[in-house]
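Working notes, structure below.
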Amino acid sequence: MKKVICTMLALVVLLSVLAACGGQGAPSGSGSGEGSASPAQTSDSGAYPMTFDNYGRQVTVTQKPQKVLTLGPNCTELFVALGLQDYVIGRSLINHSRGPLEEYAGGVNAIPVLNNASATREAILSSGADFIYALDWEISDTGCNIQEVAQYGMTVYVNSATTLEEQYQEILDIGKIFGVEESARQFVDDQRARIQAVQDAVTGQEPLDVLVYDSGSNGVFTCSGSNFESLLIQMAGGHNIFDDLTDQQWVTVSYEEVLARDPDVILIHDYDSPSLEEKIAEIKSNPTLAQLECVQQERFASITLESVLPGNRMAYAVERMAVAFYPEIFAD
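In my numbering, the protein residues as written are 513 to 844.
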């Protein structure tokens with residue numbers, strides 16, 4: 513950990529040392545294990561306080577955070593991808609995850625679990641954290657909200673991107689806050705290149721009509737056109753059949769409306785319960801959905817829920833979807 517710089521002279525001396533040595537590594541610890549991201553190279557080029565536009569408000573960070581909560585599996589994995597796992601003291605929504613990607617497993621699994629499901633108000637307020645990176649539904653008026661945690665000295669940066677550019681900016685902001693700007697830029701550049709490669713490959717294909725099936729009870733719970741997942745589907749060469757619904761990110765639609773829109777493929781969310789196999793069984797046994805040609809032909813695809821949330825898996829999700837949508841193109 514770097515000591516707080518107390519005088520201008522000390523700052524000048526430290527910067528001179530860093531310039532001579534080419535920078536200093538992030539704190540060592542859990543991230544050094546096998547399967548985790550390499551420790552990020554940090555710098556003190558950023559000057560605090562820093563102010564960012566986030567979630568319809570301005571967020572000011574007065575110093576580098578030392579104790580972070582990542583509320584959402586996508587938030588946690590992004591910190592590990594940027595080599596920042598040693599700052600994270602708690603994570604949540606493990607029940608919405610099928611586990612981290614292999615290259616990040618060591619770093620993610622070493623982070624303590626704050627709550628297996630959604631983070632509770634009590635767990636957040638007693639955590640001792642000074643910074644929170646959270647899915648928007650994890651910091652809300654129904655539980656522990658942004659205004660309340662501020663009274664406990666916690667700065668909240670909300671993971672709420674609805675476009676690729678917004679998510680790229682979130683990554684760059686996190687990089688700046690923690691002094692890993694170069695790692696963040698490289699990560700964003702890699703995401704852009706991989707997504708572009710998929711788009712180049714599917715150019716000229718007629719977009720497949722896709723139904724997102726999260727769950728089914730008195731209708732299909734699915735994502736709308738304002739949901740980040742709808743954008744990922746588009747990048748993969750698909751078309752969310754409910755992209756005209758935009759008032760809410762998640763909506764319940766009738767089985768009859770699904771039948772009328774006649775999807776080419778059903779993209780099923782895979783997380784804790786019901787299982788993927790159980791969801792396929794309930795689709796097949798539904799008398800209305802069973803009439804769909806894609807059900808009769810068993811044109812199902814699956815994606816883990818955390819992969820379609822804004823975070824570090826944008827390119828991964830687009831690649832996985834594209835392979836499922838157009839196996840003949842990506843046969844190799």
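Backbone N, C-alpha and C define an ideal beta-carbon position, used for all residues, glycine too.
Extract the residue ranges of the alpha helix (DSSP H) inside the region 630 to 677, only unbroken runs of 4 or more that lie entirely within it. You should have 633 to 637 and 658 to 662.
Take the Cβ of residue 546 as the centre, count every other Cβ of all protein chains shown within 10 Å, and call the residue buried at 16 or more, exposed below. The residue you call residue 546 lines up with position 34 of the sequence shown. Because the pLDDT at residue 546 is just 33, under 50, the model does not fix this residue reliably, and the value given afterwards should be weighed accordingly. Exposed is the call here.
Kindly indicate which residue of 564, 792 and 830 has the alpha-carbon position closest to the one of residue 671. Here residue 671 is taken as the residue at index 159 of the sequence shown, counted from 1. For residue 671, the closest C-alpha among the options 564, 792 and 830 is that of 564.
Rounded distance between the beta-carbons of residue 782 and residue 814, thought under 8 Å: One-based indexing of the sequence shown puts residue 814 at position 302. One-based indexing of the sequence shown puts residue 782 at position 270. Confirmed, about 5 Å.
Taking just the CA atoms, how far does residue 630 sit from residue 663? Position 151 of the sequence shown, counted from the start, is the residue given in the question as residue 663. Position 118 of the sequence shown, counted from the start, is the residue given in the question as residue 630. Within the model, the alpha-carbon separation for residue 663 versus residue 630 is close to 21 Å.
Measuring alpha carbon to alpha carbon, tell me which of 770, 570, 586 and 760 ends up nearest residue 737. Position 225 of the sequence shown, counted from the first residue, corresponds to residue 737. Comparing Cα positions, the closest option is 760.
According to DSSP, simplified to helix, strand and coil, what is residue 744? On the sequence shown, residue 744 is found 232 positions in, with the first residue counted as 1. In this structure, residue 744 counts as helix in the three-state DSSP scheme.
Same chain, Cβ closer than 7 Å to residue 534, neighbours up to 5 away in sequence not counted: By 1-based counting over the sequence shown, the position of residue 534 is 22. Since pLDDT at residue 534 reaches only 35, below the 50 mark, its modelled position is unreliable, and the value read off the structure follows with that caveat. Closer than 7 Å at Cβ, skipping near neighbours: no residue.
Under 8 Å by Cβ, that's how I've got residue 605 and residue 624 pegged, so tell me the actual separation to the nearest angstrom. Here residue 605 refers to the residue found at position 93 when the sequence shown is read from its first residue. Here residue 624 refers to the residue found at position 112 when the sequence shown is read from its first residue. 14 Å between Cβ atoms; not a contact.
What's the gap between the Cα of residue 730 and the Cα of residue 766? Taking the sequence shown and counting its residues from 1, the one referred to as residue 730 is at position 218. Taking the sequence shown and counting its residues from 1, the one referred to as residue 766 is at position 254. Those two C-alpha atoms are separated by around 7 Å.
How do the region 809 to 823 and the region 568 to 580 stand: do at least 3 beta-carbon pairs fall below 8 Å, yes or no? Fewer than three Cβ pairs drawn from the region 809 to 823 and the region 568 to 580 lie within less than 8 Å of each other, which leaves the two stretches out of contact.
What is the DSSP secondary structure of residue 583, reduced to helix, strand or coil? Taking the first residue of the sequence shown as 1, we reach residue 583 at position 71. It is a strand residue.
Bridge partners for residue 734 per DSSP, in chain order? Residue mapping note: residue 734 aligns to position 222 of the sequence shown, counting from 1. Beta-bridge partners of residue 734 (DSSP): 763.
Give the straight-line distance between the Cα atoms of residue 686 and residue 696, rounded to the nearest whole angstrom. Translated into the one-based positions of the sequence shown, residue 686 becomes position 174. Translated into the one-based positions of the sequence shown, residue 696 becomes position 184. The straight-line gap separating the alpha-carbon atoms of residue 686 and residue 696 is approximately 8 Å.
Opposite residue 833 in the DSSP bridges: which residues? Position 321 of the sequence shown, counting from 1, holds the residue named residue 833. According to the DSSP secondary-structure assignment, residue 833 is paired through a beta bridge with no residue.
Below 8 Å on the Cβ atoms is my contact criterion, and I expect residue 833 with residue 750 to pass it. Report the Cβ-Cβ distance as a whole number of Å. For the purposes of this step, residue 833 is taken as the residue at position 321 of the sequence shown. For the purposes of this step, residue 750 is taken as the residue at position 238 of the sequence shown. The Cβ separation is near 7 Å, so the contact holds.
Please check the pair residue 830 and residue 722, which I expect to be a contact at CB under 8 Å, by giving their CB distance rounded to whole angstroms. As a working note, residue 830 is residue 318 in the sequence shown. As a working note, residue 722 is residue 210 in the sequence shown. Wrong, their Cβ atoms sit about 13 Å apart, outside the cutoff.
Measure the Cβ-Cβ separation of residue 643 and residue 668 and say whether it is below 9 Å. Here residue 643 corresponds to residue number 131 of the sequence shown, with the count starting at 1. Here residue 668 corresponds to residue number 156 of the sequence shown, with the count starting at 1. Yes.
Residue 649 versus residue 807 - alpha carbon distance: Here residue 649 refers to the residue found at position 137 of the sequence shown. Here residue 807 refers to the residue found at position 295 of the sequence shown. Those two C-alpha atoms are separated by around 32 Å.
Considering only residues of the same chain and omitting the five flanking positions on each side of residue 841, which have a CB-CB separation below 7 Å? In the sequence shown, the residue the question calls residue 841 occupies position 329. Excluding sequence neighbours, residue 841 sits near 713 and 714.
Let me know the secondary structure DSSP gives residue 816 once reduced to three states. Your numbering for residue 816 matches position 304 in the sequence shown. The answer is strand: DSSP assigns residue 816 an E or B state.
Do residue 560 and residue 593 have their C-beta atoms closer together than 9 Å? Residue numbering aside, residue 560 sits at position 48 when the sequence shown is read from its first letter. Residue numbering aside, residue 593 sits at position 81 when the sequence shown is read from its first letter. In this structure, residue 593 does not lie closer than 9 Å to residue 560 by Cβ.
Under the rule that 16 or more other beta-carbon atoms within 10 Å means buried, what is residue 802, buried or exposed? Counting from one through the sequence shown, the residue named residue 802 turns up at place 290. Exposed, since its Cβ has fewer than 16 Cβ neighbours within 10 Å.
Please name the residue, chosen from 800, 804, 826 and 778, that lies closest to residue 837 on a Cα-to-Cα basis. Walking along the sequence shown from the start, residue 837 turns up at place 325. The option with the nearest alpha carbon to residue 837 is 778.
Close-in-space but distant-in-sequence residues of the same chain around residue 566 (CB under 7 Å, 5 per side omitted): Looking up residue 566 in the sequence shown gives position 54. Taking residue 566 as the centre and dropping the five residues before and after it, the same chain places the C-beta of 669 and 670 closer than 7 Å to its C-beta, in chain order.
Count the other CB atoms, across all protein chains shown, that sit within 10 Å of the CB of residue 518; report buried if there are 16 or more and exposed otherwise. As a first step, residue 518 is located in the sequence shown; it is residue number 6 there, counting from the start. Reliability fails at residue 518, whose pLDDT of 36 lies under 50, so the model's placement of it is uncertain and the value that follows must be treated cautiously. The residue in question, residue 518, is exposed, as its Cβ has fewer than 16 Cβ neighbours within 10 Å.
Express the C-alpha separation of residue 656 and residue 725 in angstroms, rounding to a whole number. Position 213 of the sequence shown, counted from the first residue, corresponds to residue 725. Position 144 of the sequence shown, counted from the first residue, corresponds to residue 656. Cα to Cα, the separation comes out at about 29 Å.
Is the beta carbon of residue 735 sitting closer than 9 Å to the one on residue 820? Numbered from 1 along the sequence shown, position 223 holds the residue referred to as residue 735. Numbered from 1 along the sequence shown, position 308 holds the residue referred to as residue 820. Against a cut-off of 9 Å, the Cβ pair of residue 820 and residue 735 comes out as a contact.
Among 632, 818, 839 and 827, which one has its Cα closest to the Cα of residue 610? One-based indexing of the sequence shown puts residue 610 at position 98. Nearest option by C-alpha distance: 818.
Can you tell me where the alpha helix (DSSP H) holding residue 619 begins and where it ends? The residue labelled residue 619 in the question sits at position 107 within the sequence shown. It spans 617 to 621 - the alpha helix (DSSP H) in which residue 619 sits, taken as one unbroken run.
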